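Please read the structure below before turning to the comments.
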Amino acid sequence: MKPGKIRLLRLGIRLIPFMGAALMMASSPAWAEVIYLKSGETIRGKIVAFDQQTVTVDSERGFGTLQINRDDITMIEFDSAQRSPARTMGLGYLHRSTALGSAASVGDYGLDSLSIKYWIGDTSAMDFLVGFFSSSQGTTTKLDIFSVELRYYNVFKRNGNLDLYWGLGGGFMNVNDTTRSLNAAGVSVRGVLGAEIFFPSMPNLGISTEIGMGAQTLGNITTTNISTTTFPNFSMRYYF
């Protein structure tokens, strides 16, 4: 056998343990909860549904999807690296930066908003955003912005404590900008692509960044932009 082939064979043999470990990690759930029953049994798996009467769990041991009466449960131990699915309401803050090159655009504004996010499923959520900004010089108002926006999010990939998601939304904005001689109201639509991470020490605190593309109308001014800024859109929420 040629020396080159021998070296390749030796390298392949050395990589076998690492390939096996990678396959085991890929085939195992990214996280799991432990459910303790009054009978003394424990069930380990991923909770996929949670209501007032039952808990539905995808069992880790290959028993399929199980539906358990909540009266039969003594305790649920959630993985410390993942947001508890029982905590469906998130309260926080979202910063949307002004797009690159939009400094000369009359109708484009960055915004800080209060975020109220509610999970309607294991991978989908609704987010209600309310934004307000006011700037003045002496007794003269320079800029007033008020906005409301409703967004839908869908998590398309979940890896441990990291969620990758896309979102679509629309909203209303009113602007009074004396510097640009603009006093108008309008609507906007926006699509976003982002990532949200949960830290093991604080599993219900989510921090996310995202980029987006949107169109906005203020009076007779329409702007379309991609929010590829040097500082991307940023949000922080606590789920309870």
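Taking numbering that gives the first Met the number 0, the leading residue of the sequence shown gets 0, the next gets one more, and so forth. No residue lacks a Cβ here, since even glycine has one placed at the ideal position from N, Cα and C. Please read all numbers here as calculations on a predicted model, not as lab measurements.
Contact between V47 and T73 does not hold, since the beta-carbon distance rounds to 21 Å and is not under 8 Å. Counting only unbroken stretches of 3 or more residues, the beta strand (DSSP E) elements lying wholly within the region 168 to 239 are 181 to 198, 201 to 217, 220 to 225 and 232 to 238, in sequence order.
The beta carbon of Y117 is closer than 7 Å to those of T87, M88, A124 and M125 in its chain, skipping five residues each way along the sequence. Counting the other Cβ atoms within 10 Å of the Cβ of V54 gives 16 or more, which makes it buried.
In this structure V191 is not in contact with G170, their Cβ atoms being roughly 13 Å apart against a cut-off of 8 Å. Along the length of the region 40 to 89, whole beta strand (DSSP E) runs at least 3 residues long occupy 41 to 49, 53 to 58, 64 to 68 and 72 to 76, reported in chain order. Annotation for I119: no beta strand (DSSP E) segment contains it, and DSSP assigns it neither H nor E. Between the region 208 to 222 and the region 172 to 185 there are three or more inter-stretch CB-CB distances shorter than 8 Å, so the stretches are counted as touching. Just so you know, the alpha carbons of G120 and P84 end up roughly 9 Å apart. Around the CB of E76, fewer than 16 other CB atoms lie within 10 Å, so the residue is classed as exposed.
When the Cα atoms are used, A184 and D57 turn out to be separated by approximately 48 Å.
Excluding its 5 nearest sequence neighbours in each direction, E209 has C-beta neighbours in its own chain below 7 Å: V191, L192, G193, P231 and N232, listed in chain order.
The alpha carbon of Y164 has as its nearest neighbour, out of L128, R179 and T122, the alpha carbon of T122.
Counting along the chain, T140 sits inside the beta strand (DSSP E) bounded by residues T139 to N158. Selection R69, G91, E148 and R82 evaluated against G159 yields R82 as nearest (Cα-Cα).
Annotation for I67: V54 place their beta carbon closer than 6 Å to its own, counting only its chain and skipping 5 residues before and after.
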